[in-house]
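Engineer: Residue numbers (the numbering used here), protein chains in the order written: chain F, 92 to 258; chain D, 92 to 258.
Number of protein chains: 2
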Amino acid sequence: MANTDGPTRERIRAASYELLNEKGLAGLSMRALADRLHIKAPSLYKHIEDKDEIIADLQARGLQEFGIAIRRAGKSRRAKALAYRGWALANPHLYEITVSIPLLRDRIPAGLEDGVTNLIIEITGKDHEHARAVWALMHGLVDLEIAGRFPKDADLDLTWKRAVAMI
Amino acid sequence: MANTDGPTRERIRAASYELLNEKGLAGLSMRALADRLHIKAPSLYKHIEDKDEIIADLQARGLQEFGIAIRRAGKSRRAKALAYRGWALANPHLYEITVSIPLLRDRIPAGLEDGVTNLIIEITGKDHEHARAVWALMHGLVDLEIAGRFPKDADLDLTWKRAVAMI
DNA sequence: ACTTCAGGCTAACACTGTTAGCGAAGGAGA
DNA sequence: TCTCCTTCGCTAACAGTGTTAGCCTGAAGT
Numbered sequence: 092m093a094n095t096d097g098p099t100r101e102r103i104r105a106a107s108y109e110l111l112n113e114k115g116l117a118g119l120s121m122r123a124l125a126d127r128l129h130i131k132a133p134s135l136y137k138h139i140e141d142k143d144e145i146i147a148d149l150q151a152r153g154l155q156e157f158g159i160a161i162r163r164a165g166k167s168r169r170a171k172a173l174a175y176r177g178w179a180l181a182n183p184h185l186y187e188i189t190v191s192i193p194l195l196r197d198r199i200p201a202g203l204e205d206g207v208t209n210l211i212i213e214i215t216g217k218d219h220e221h222a223r224a225v226w227a228l229m230h231g232l233v234d235l236e237i238a239g240r241f242p243k244d245a246d247l248d249l250t251w252k253r254a255v256a257m258i
Numbered sequence: 092m093a094n095t096d097g098p099t100r101e102r103i104r105a106a107s108y109e110l111l112n113e114k115g116l117a118g119l120s121m122r123a124l125a126d127r128l129h130i131k132a133p134s135l136y137k138h139i140e141d142k143d144e145i146i147a148d149l150q151a152r153g154l155q156e157f158g159i160a161i162r163r164a165g166k167s168r169r170a171k172a173l174a175y176r177g178w179a180l181a182n183p184h185l186y187e188i189t190v191s192i193p194l195l196r197d198r199i200p201a202g203l204e205d206g207v208t209n210l211i212i213e214i215t216g217k218d219h220e221h222a223r224a225v226w227a228l229m230h231g232l233v234d235l236e237i238a239g240r241f242p243k244d245a246d247l248d249l250t251w252k253r254a255v256a257m258i
């Protein structure tokens, strides 16, 4: 029987977190992960079900840490918005894994996604439709910035200032 | 010598366009592409350099068709915004290939990316910073919608109405 | 008729996630 | 202590990915 909750499993989770942050989503392969733990890739499957379990775990950690960062930020909409950008740029791979591949809803703790969504709604203080637009605005800015879609000489600080003013 | 501009190359381009729209980015493999042309995968390399050439070609077509759709829309900001959403939802895979993987700038026609960027700036009629925020807003809305991040019961028509009002 | 070459082909390589099955180490019970 | 069973490593392998090397055939040019 596979050990799905032992100390090795915890080490796998920790190593995958490091690997993601260092090498990005594309660098997160089962063999690279196994190398880091000085075991062979197939041995990972004695402790976890499949790669999606690792993905889901990282998505959950991403959502959680993101939520904490937003909560910690100052109360003003401006502070929250800058915290959004700041966290995403500081953790681009963690941000990527939560937004640019399908969210494995069945395998992350219930309520986690809603918790983050509600957090954004609280920030705006208005209705859900407005909150979604604000969320989309911040997500779009970060996504385009990380993807390098804005020209190098773009003044993104100023762009964010304008964006916050639009809210 | 490889034939890099013959009729077969044109057929490869056409087939890759179909394949992308039918099966999505994940379904666009060299072997699947070759199957559609009734040849074997390695034979593709007699006509093209590598897969990135196909990706770049599709990104260029995406940008071009997107630009046309936006230009054709009514002059109002609202009409333009709805055209943005409409085109992206009607061509999700083409939209995806232009925004969710790195844009192969060195391999798409010069000026194409700037053309689309300028188009968005024209829509807002304001400065670049404002235009970028508007672009991010629309991109974010579409990206989150395609990724299924909004709840099923979300009224996205209304969300877009609010978003347009924010512009 | 001879040569050249475009454009197919198969075999293979390095990579991906994953499964089957083997073997050694350690603990539990007689 | 002997035996048994579980845990947890391992290698070999499979199907998939993009890609390269090298072979062969048919057609076109001189």
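Heads up, the beta-carbon is just placed ideally off N, CA and C, and yes, glycines get one too.
Just the C-alpha distance for F/ALA222 and F/ILE214, rounded to the nearest angstrom, thanks.
Structural biologist: As a position in the first sequence, residue 222 of chain F is number 131, starting the count at 1. As a position in the first sequence, residue 214 of chain F is number 123, starting the count at 1. Cα to Cα, F/ALA222 sits roughly 8 Å from F/ILE214.
Engineer: Going along chain F in order, which residues have a C-beta closer than 9 Å to the C-beta of D/GLY231?
Structural biologist: The count along the second sequence starts at 1 and reaches residue 231 of chain D at position 140. Within 9 Å Cβ-Cβ: ALA224, TRP226, ALA227, LEU228, MET229, HIS230, GLY231, LEU232, VAL233, ASP234 and LEU235.
Engineer: Secondary structure at F/HIS129, three-state DSSP: helix, strand or coil?
Structural biologist: Residue mapping note: residue 129 of chain F aligns to position 38 of the first sequence, counting from 1. F/HIS129: coil per DSSP, three-state reduction.
Engineer: I'd like the span of the alpha helix (DSSP H) that includes D/THR153, first residue to last.
Structural biologist: Translated into positions along the second sequence, residue 153 of chain D becomes position 62. At residue 153 of chain D the sequence reads Gly, which differs from the Thr that was named. Where D/GLY153 is concerned, the enclosing alpha helix (DSSP H) stretches over 142-163.
Engineer: Note the first and the last residue of the continuous alpha helix (DSSP H) segment covering F/LEU119.
Structural biologist: Here residue 119 of chain F is taken as the residue at index 28 of the first sequence, counted from 1. Segment: none, F/LEU119 is in no alpha helix (DSSP H) and carries neither H nor E.
Engineer: At the level of alpha carbons, what is the spacing between D/ILE211 and F/ILE103?
Structural biologist: Residue mapping note: residue 211 of chain D aligns to position 120 of the second sequence, counting from 1. Residue mapping note: residue 103 of chain F aligns to position 12 of the first sequence, counting from 1. If you take the alpha carbons of D/ILE211 and F/ILE103, they lie about 45 Å apart.
Engineer: For F/ARG163, decide whether its Cβ has a neighbour in chain D, counting only Cβ atoms nearer than 8 Å.
Structural biologist: By one-based count along the first sequence, residue 163 of chain F stands at place 72. No, because no Cβ of chain D sits closer than 8 Å to the Cβ of F/ARG163.
Engineer: So does the stretch 142-151 of chain F actually touch the stretch 194-203 of chain F, counting three or more Cβ pairs closer than 8 Å?
Structural biologist: Counting Cβ pairs under 8 Å, three or more are found: they touch.
Engineer: Examine chain D for any beta-carbon lying closer than 8 Å to the beta-carbon of F/VAL190, and answer yes or no.
Structural biologist: The residue you call residue 190 of chain F lines up with position 99 of the first sequence. Chain D, which has a Cβ nearer than 8 Å to the Cβ of F/VAL190, makes this yes.
Engineer: Starting from the C-beta of D/GLU236, find all residues in its chain whose C-beta is less than 7 Å away, skip the five residues before and the five after it, and write them out in chain order.
Structural biologist: Against the second sequence, residue 236 of chain D aligns to sequence position 145. Counting only Cβ-Cβ distances below 7 Å, and skipping sequence neighbours, we find LEU247.
Engineer: When Cβ atoms are compared, which residues of the stretch 115-147 of chain D fall closer than 9 Å to chain F?
Structural biologist: Hits within the stretch: zero.
Engineer: Between which two residues does the alpha helix (DSSP H) containing F/LEU210 stretch?
Structural biologist: Translated into the one-based positions of the first sequence, residue 210 of chain F becomes position 119. Taken as a continuous stretch (DSSP letters only), the alpha helix (DSSP H) holding F/LEU210 covers 203-215.
Engineer: Measuring alpha carbon to alpha carbon, tell me which of F/ILE258, F/LYS243, F/ARG162 and F/ASP143 ends up nearest F/ILE188.
Structural biologist: Residue mapping note: residue 188 of chain F aligns to position 97 of the first sequence, counting from 1. Among F/ILE258, F/LYS243, F/ARG162 and F/ASP143, the Cα nearest to that of F/ILE188 is on F/ASP143.
Engineer: So is F/SER134 buried or exposed if we call it buried at 16+ other beta carbons inside 10 Å?
Structural biologist: The residue given as residue 134 of chain F occupies position 43 in the first sequence. F/SER134 comes out exposed.
Engineer: Give a yes or no on whether the minimum CB-CB distance between D/THR250 and chain F is below 8 Å.
Structural biologist: Locating residue 250 of chain D in the second sequence gives position 159, where the first residue counts as 1. True, the Cβ-Cβ gap to chain F drops below 8 Å.
Engineer: Give a yes or no on whether the C-beta atoms belonging to F/GLU190 and D/ALA224 are separated by under 8 Å.
Structural biologist: By one-based count along the first sequence, residue 190 of chain F stands at place 99. By one-based count along the second sequence, residue 224 of chain D stands at place 133. What sits at residue 190 of chain F in the sequence shown is Val, not Glu. Contact: no.
Engineer: Look at the alpha carbon of F/LYS243 and the alpha carbon of D/LYS217, and state the distance between them as a whole number of angstroms.
Structural biologist: Along the first sequence, read from residue 1 onward, the residue named residue 243 of chain F stands at position 152. Along the second sequence, read from residue 1 onward, the residue named residue 217 of chain D stands at position 126. One C-alpha to the other measures close to 20 Å.
Engineer: Can you list, in chain order, the residues of its chain with a C-beta nearer than 7 Å to that of F/HIS219? Leave out the 5 residues immediately preceding and following it.
Structural biologist: Position 128 of the first sequence, counted from the start, is the residue given in the question as residue 219 of chain F. The residues are ILE212.
Engineer: I want to know whether the stretch 149-162 of chain D touches the stretch 199-207 of chain D - three or more CB-CB distances under 8 Å.
Structural biologist: As far as the Cβ criterion goes, the stretch 149-162 of chain D touches the stretch 199-207 of chain D, which means the pair count is three or higher.
Engineer: Buried or exposed for F/ASP234, going by 16 or more other Cβ atoms inside 10 Å?
Structural biologist: As a first step, residue 234 of chain F must be located in the first sequence, where it is residue number 143. Buried is the call here.
Engineer: Measure the C-alpha to C-alpha separation of D/LEU249 and F/VAL207 and round it to an integer number of angstroms.
Structural biologist: On the second sequence, position 158 is the one that residue 249 of chain D refers to. On the first sequence, position 116 is the one that residue 207 of chain F refers to. Going by the C-alpha atoms only, they are around 21 Å apart.
Engineer: Using C-beta distances below 8 Å, list every residue in its chain close to D/GLU101, excluding the 5 sequence neighbours before and after it, in chain order.
Structural biologist: Taking the first residue of the second sequence as position 1, residue 101 of chain D is located at position 10. Nothing meets the Cβ criterion.
Engineer: Does F/ALA174 have its Cβ less than 8 Å from a Cβ in chain D?
Structural biologist: Indexing the first sequence from 1 puts residue 174 of chain F at position 83. So no, F/ALA174 is outside the interface.
Engineer: Taking the straight line between their C-alpha atoms, what separation do you get for D/HIS138 and D/ALA132?
Structural biologist: Here residue 138 of chain D is taken as the residue at index 47 of the second sequence, counted from 1. Here residue 132 of chain D is taken as the residue at index 41 of the second sequence, counted from 1. Taking the straight line joining both Cα atoms gives about 11 Å.
Engineer: Between which residues of its own chain and D/ALA174 is the CB-CB distance below 7 Å, once the five residues before and five after are set aside?
Structural biologist: What you label residue 174 of chain D is simply residue 83 of the second sequence in a count that begins at 1. ALA160, ILE161 and ALA164, listed in sequence order.
Engineer: Pick helix, strand or coil for F/LEU194, following the three-state DSSP scheme.
Structural biologist: The residue given as residue 194 of chain F occupies position 103 in the first sequence. Residue state, collapsed to three classes: coil.
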